[in-house]
């Protein structure tokens, strides 16, 4: 039988003072074990009107004091506080008896208007204010995207008159227990979730902050370039997208509801294809030319809640002002996962440079090649200039060295270790998520002349047919080389004779000292 919440008779209250203005009221509950103490220690009480609250957690019990209140506020204060306490006790008891919070909360995907009471355990993955100038420009709304442990999402909205009641207690990436809200249909042209319904907060809505490791996911769900290309009309659901910026063009300011806003057109590359992205408003500040050109290669961009718009001959992505967000080289696991994919790591991207028209452009792989720039190794020896060259040669030897890889951050700058932290070698900022990249030295021969080259990540990925992170995890295996590439000549010395992937002398020592390169995260 399912456990029931403790009744209100199990909570006692005492009033200290005299007359109609008591000086303090104390609320105490039954004794509880250390596990419940941890739960109550994370209890976040929301400020009530004119009722200052304080929480005291002892070893086996807790008490809450309300000092200097008016009689008119007592009933509301006690009721709201009691609801929160009863809810926490109920969930903790169910958790101890049945081994999980899912026994006392509902799944987001199950929420419908045909039931009055819902309790959810969710993470706030997105939080934003939005006014609708077309309806009532004075009406401010606070919107959220909530996600449960099953990664199902639903939008929630707080109306203007209730924002001050809840906003102090809501933070992105925090996890809450929520109950008492209205469920309405999820309609509109710019829906941030695919759930059929959304939540409206009411005055009696209860939100309690909890400490939970069960929802670590960021909530980003990237659409593929193929899914976007298949759209033939405007899409009412906003999507997330990730790619490499290969073009930036500033446009003249455009009018939006009587105001002029900035406009920038991006070209974003992913999985061998490009898509146009129009950006309006304050997000354009992140796309200033000098900011984007400081990176050693074209920056990665994460587009959150962008709209798919159909145009003649294809589709484009476009932001929704105040709803969509744009991130440049974000230090998140999704960035590392994207850049570690073979379909991305095997491409080379140059630094963004200004072309003859004043736009920022990046050369991608084949765009680099200019037959007029091919020289032989002998001429390369005699040229001491700093330029870009193409050499056709044969790999004669892969240097047997332990340092065939190095750490980088998402932006491409190298990472250095300092005590128990990873720091960016360029700016010194702390890095949570790092990547492993190839840095393999090889000897290239051309007409009897030999020179030492360093094959960096995209060239080595093509040569070995796997990314550096994949090779790092499987280094102790011997990889047979495709016989079709043995002895061939390759532009820039990408492929040549190689019978097996070499074992490195210091591999065991490195593996003992270094953490997993695919999950490097320093807390």
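Numbering (UniProt numbering), first residue to last: 1 to 523.
Positions of the beta carbon are idealized from the N, C-alpha and C atoms, including for glycine.
Roughly how far, in whole angstroms, is the beta-carbon of residue i from the beta-carbon of residue j, given that I think they are within contact range, below 8 Å?
{"i": "residue 195", "j": "residue 153", "result": "7 Å"}
{"i": "residue 323", "j": "residue 130", "result": "6 Å"}
{"i": "residue 247", "j": "residue 267", "result": "3 Å"}
{"i": "residue 362", "j": "residue 346", "result": "Not really, about 16 Å apart at Cβ, beyond 8 Å."}
{"i": "residue 201", "j": "residue 186", "result": "About 15 Å separates the two Cβ atoms, so there is no contact after all."}
{"i": "residue 316", "j": "residue 377", "result": "With 8 Å as the limit, residue 316 and residue 377 do not qualify as a contact, their Cβ atoms being about 46 Å apart."}
Using alpha carbons as the reference points, say which of the options lies closest to residue i.
{"i": "residue 265", "options": "319, 166 and 294", "result": "319"}
{"i": "residue 340", "options": "158, 198 and 433", "result": "433"}
{"i": "residue 225", "options": "370, 377, 474 and 277", "result": "277"}
{"i": "residue 281", "options": "237, 220 and 250", "result": "250"}
{"i": "residue 298", "options": "284, 348, 257 and 286", "result": "348"}
{"i": "residue 425", "options": "413, 398 and 336", "result": "413"}
{"i": "residue 330", "options": "351, 301, 200 and 221", "result": "301"}
{"i": "residue 230", "options": "422, 269 and 309", "result": "309"}
{"i": "residue 141", "options": "148, 447 and 160", "result": "160"}
{"i": "residue 210", "options": "112, 408, 122 and 435", "result": "122"}
{"i": "residue 216", "options": "274, 174, 447 and 238", "result": "174"}
{"i": "residue 116", "options": "139, 147, 284 and 199", "result": "199"}
{"i": "residue 214", "options": "148, 163, 223 and 187", "result": "148"}
{"i": "residue 352", "options": "287, 407 and 237", "result": "287"}
{"i": "residue 146", "options": "379, 192 and 474", "result": "192"}
{"i": "residue 218", "options": "455, 449, 365 and 172", "result": "172"}
{"i": "residue 168", "options": "139, 208 and 190", "result": "208"}
{"i": "residue 307", "options": "474, 190, 232 and 162", "result": "190"}
Counting along the chain, where does the beta strand (DSSP E) carrying residue i start and finish?
{"i": "residue 438", "result": "435–438"}
{"i": "residue 204", "result": "197–210"}
{"i": "residue 407", "result": "405–408"}
{"i": "residue 371", "result": "That residue, residue 371, is in no beta strand (DSSP E); it is neither H nor E in DSSP."}
{"i": "residue 305", "result": "300–311"}
Assuming residue i is part of the alpha helix (DSSP H), what are its boundary residues?
{"i": "residue 227", "result": "225–229"}
{"i": "residue 240", "result": "Taken as a continuous stretch (DSSP letters only), residue 240 belongs to no alpha helix (DSSP H), being part of the beta strand (DSSP E) at 239–256."}
{"i": "residue 463", "result": "457–464"}
{"i": "residue 395", "result": "From DSSP, residue 395 is part of no alpha helix (DSSP H) but of the beta strand (DSSP E) over 392–398."}
{"i": "residue 471", "result": "468–473"}
Where does residue i fall in DSSP's three states?
{"i": "residue 282", "result": "helix"}
{"i": "residue 380", "result": "helix"}
{"i": "residue 426", "result": "coil"}
{"i": "residue 277", "result": "strand"}
{"i": "residue 179", "result": "strand"}
{"i": "residue 359", "result": "coil"}
{"i": "residue 333", "result": "helix"}
{"i": "residue 488", "result": "Per-residue confidence for residue 488 stands at a pLDDT of 47, beneath the threshold of 50, marking its modelled position as unreliable; the derived number appears in the next sentence. Looking at residue 488 - three-state DSSP - the assignment turns out to be coil, as it is neither helix nor strand."}
{"i": "residue 344", "result": "helix"}
{"i": "residue 443", "result": "strand"}
{"i": "residue 104", "result": "coil"}
{"i": "residue 261", "result": "strand"}
{"i": "residue 163", "result": "helix"}
{"i": "residue 288", "result": "coil"}
{"i": "residue 170", "result": "coil"}
Taking one C-beta from the stretch 450–470 and one from the stretch 423–442 each time, how about it: are there three or more such pairs within less than 8 Å? yes
Could you check whether the stretch 175–194 touches the stretch 285–303, counting it as contact only if at least three pairs of C-beta atoms, one from each stretch, sit closer than 8 Å? no
Do the stretch 108–126 and the stretch 153–171 make contact, defined as three or more Cβ pairs closer than 8 Å? yes
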